[in-house]
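So the structure is just underneath, and the comments pick up after that.
Chains as they are written, first to last, in the numbering used here: chain H, 1 to 411; chain R, 1 to 411.
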């Protein structure tokens, strides 16, 4: 056990890698059905971009993998897929709306904990160029369709309009105070109202103001201000799409990243931890030097979805993706085994043959260890008769069939 | 144009990202048909692993992205997918043969040049645990099937057995000299016989020895030693698989990495640059502290395959993956447009609707800019009659049809 994956990272062995791939396939399929187009960007970005105002803020260096290349360029592994998108959109001109998806790894130098990794997969969609609430709703609709397809039943999506809080807070908070208050409220689900109160006290917010903040953050209905209009329009559109029952209004939802400007959402699978979220970020592209382009998007945390699905046994358990193993009774029939395994593969059947020059019983043992459901047995007799034994490894049942019959059976 | 991708890296915009995805899909499909299972490993590894004997050798620090995390752990972005596989296999016990595939990015701090990037995609398969030549051949068979499926016609795979050279060189070279000579011969295709001669002189190899080296490296047929047996067995198996016409024996092929022990291959698409290769590395897993496990594998360079395919116009050109755009004649019918676009998506048709609150002609313009092949036109009249105009954007032809008809037509 000499070498391990670096702290906070992990290997996905075939069982888990196949499961993650299934999730990725569903995401991609749904994204593409909604007209989102793929984008691929480098794993690392210039530190200047990563530390630009709007993202993780000044503390970014503590939260990312930072390094210099051999020409002393300051770089860092990307902490999300939004900053790279904003970079691309700010530097080239694309037809609007630009609907892009990206399913790749991101890295954060966080303290590893339950369901918190330093390397993790995100599946993002964003609509760039549209200020219409239809774009925000579509992102949530896509998310619901993915979660439905994956088999989740009790998930919900918390929704808020940051403007609701902002407009109320503006009545008694200074602009400098606002961001600090937002950062604290973001932790409400984690630390509770008492925790928020304590942290705001520590931040030297006036106690009368704290009382008011706590009152507003606990409202069950949206206060009557401009943000409410937007939120209602959003909810009406959600109704037309038939996803309204999945939404839960939560005025305390603000989300950590500074770049969000209005509608924000967070996905909850019924567990304590969120498995993604997003919202509208109308200023980010301009902030990093691009044009004034509105944008909205959502990000799914695939590692967490994977773990919750495993926990709830939502996957069919398969040790191997192979459908059939072609076993030879001895080495004199290798050439025939090759021909047969290739014929199976030509017919799109996942097949393996012995690559170890092992005896027959060892071959069966391997197929059984890997839970390969079928074995075809090839020997000199079978070749003469042009019929082969097909063994069902679960039931033990054996039938002698022509290769054509076997192929049509396995297909 | 403030922020750019870091030097040596690039963004793949939707057109190219879709093309790369097509290549990845073909690789995955073929890999899985041959019973290879996916593995996913972290983007970075401990520097101790990356610098272990057998891989890039002592110079590794100059050739990788090296960094320390905040606890001063020495890390580096992986330079290939073989060292991570060797790490996994050396630390856990898996049924043998372990047939794994991995399609991910790797990074090398190389001088960027034509078709040479610092971040690039590799698609690897390896068979771990088998010392049979069947395993080596299967890797090449898989490669040929992928290249066939992608539409390549004039590709070939250079093959050699390192042992051929080794056995001949052992007759007159010292062990210390051997590795240096191998490194130089590896460049033969690039720098020619004269270049090899010059470099060997520079390395202070005796001029009589150089003459002998050049003679052996130019042999058209394998010299009569033990390596020849293996090579012939390999070629016979290749014949049984029907890929012998794709193979070119090349005694000068050694490949740069130290870990190769016998059969090596390199893929040539008919261009000057190689787009991948591999071979047998029976000692690597033991060298990094694992058991004595033989292994062989092949690696495809997907960025190069992508660029060669683009160059040769081997892709269907598509600006968008969207099949149909649902255009509304005015905002009064948005709800109907939503219902229709969702119905299309439910039928697995990639569809978009207006997310910009634009007027009708601007919507058509967007669909046309993206080369979306069909537009469905929704207006109050159409809704009343329950028939909608389906416009073929290429021919301009318009037909009025029920949604059901449209769906079965577009499917």
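We treat Cβ as the ideally placed atom computed from N, Cα and C, and that holds for glycine.
Residue i, buried or exposed, once every other Cβ within 10 Å from all chains shown has been counted against 16
| i | result |
| --- | --- |
| residue 429 (chain H) | Because chain H in this structure spans residues 1 to 411, residue 429 (chain H) falls outside the shown range and cannot be described. |
| residue 111 (chain R) | exposed |
| residue 103 (chain R) | buried |
| residue 55 (chain R) | buried |
| residue 25 (chain R) | exposed |
| residue 14 (chain H) | buried |
| residue 201 (chain H) | exposed |
| residue 130 (chain H) | buried |
| residue 105 (chain H) | buried |
| residue 290 (chain H) | buried |
| residue 160 (chain H) | buried |
| residue 221 (chain R) | exposed |
| residue 328 (chain R) | buried |
| residue 288 (chain R) | buried |
| residue 175 (chain R) | exposed |
| residue 46 (chain R) | buried |
| residue 185 (chain R) | buried |
| residue 378 (chain R) | buried |
| residue 270 (chain H) | exposed |
Residue i - DSSP class collapsed to helix/strand/coil
| i | result |
| --- | --- |
| residue 4 (chain H) | coil |
| residue 315 (chain R) | coil |
| residue 294 (chain R) | coil |
| residue 351 (chain H) | strand |
| residue 267 (chain R) | strand |
| residue 220 (chain H) | coil |
| residue 299 (chain H) | strand |
| residue 252 (chain R) | coil |
| residue 262 (chain H) | coil |
| residue 229 (chain R) | helix |
| residue 257 (chain H) | coil |
| residue 283 (chain H) | coil |
| residue 173 (chain H) | coil |
| residue 192 (chain R) | helix |
Nonlocal neighbours in the same chain, by C-beta distance under 6 Å from residue i, ignoring five residues either side
| i | result |
| --- | --- |
| residue 406 (chain R) | 390 |
| residue 99 (chain R) | 35, 36 and 127 |
| residue 39 (chain H) | 100 and 102 |
| residue 156 (chain H) | 246, 248 and 268 |
| residue 286 (chain R) | 292 |
Close beta carbons around residue i, own chain, < 7 Å, minus the five adjacent residues each side
| i | result |
| --- | --- |
| residue 117 (chain H) | 8, 9, 10 and 303 |
| residue 413 (chain R) | Outside the shown range of chain R, which is 1 to 411, sits residue 413 (chain R), and nothing can be said about it. |
| residue 12 (chain H) | 20 |
| residue 77 (chain R) | 43, 44, 64, 65 and 107 |
| residue 386 (chain R) | 402 |
| residue 172 (chain H) | 209 and 212 |
Contact set between residue i and chain C, taken where Cβ atoms lie within less than 9 Å
| i | result |
| --- | --- |
| residue 356 (chain R) | Within the model displayed, chain C is absent; protein chains H and R are what it includes. |
Expected contact under 8 Å - CB spacing of residue i and residue j to nearest Å
| i | j | result |
| --- | --- | --- |
| residue 321 (chain R) | residue 300 (chain R) | About 24 Å separates the two Cβ atoms, so there is no contact after all. |
| residue 383 (chain R) | residue 336 (chain R) | 5 Å |
| residue 139 (chain H) | residue 243 (chain H) | Not quite, the Cβ-Cβ distance comes to about 11 Å (not below 8 Å), so this is no contact. |
| residue 410 (chain R) | residue 323 (chain R) | 6 Å |
| residue 137 (chain R) | residue 293 (chain R) | The Cβ separation is near 19 Å, so there is no contact. |
| residue 51 (chain H) | residue 61 (chain H) | 7 Å |
Contacts around residue i, its chain only, beta-carbon distance under 8 Å, and the 5 residues preceding and following it disregarded
| i | result |
| --- | --- |
| residue 48 (chain R) | 74 |
| residue 315 (chain R) | 19, 22 and 309 |
| residue 150 (chain R) | 23, 26, 305, 309 and 314 |
| residue 351 (chain H) | 322, 323, 324, 325, 326, 341, 344 and 345 |
| residue 362 (chain R) | 356 |
Distance cut-off 8 Å: residue i Cβ against heavy atoms of the ligand MN
| i | result |
| --- | --- |
| residue 245 (chain R) | In the structure on display, the ligand MN does not appear, and there are no ligands present to speak of. |
Handout entry: Ranges of the alpha helix (DSSP H) found wholly within the region 72-158 of chain H, counting only runs of at least 4
Key = 82-91 and 133-150
Exercise for the section: Can you check the region 6-73 of chain R for any beta strand (DSSP E) of at least 3 residues that lies completely inside it and give the ranges in chain order? Expected result: 44-46 and 66-68
Exercise for the section: Identify every run of the beta strand (DSSP E) within the region 313-398 of chain R, keeping only runs that are complete inside it and at least 3 residues long; order them along the chain. Expected result: 324-328, 351-353, 374-378 and 388-392
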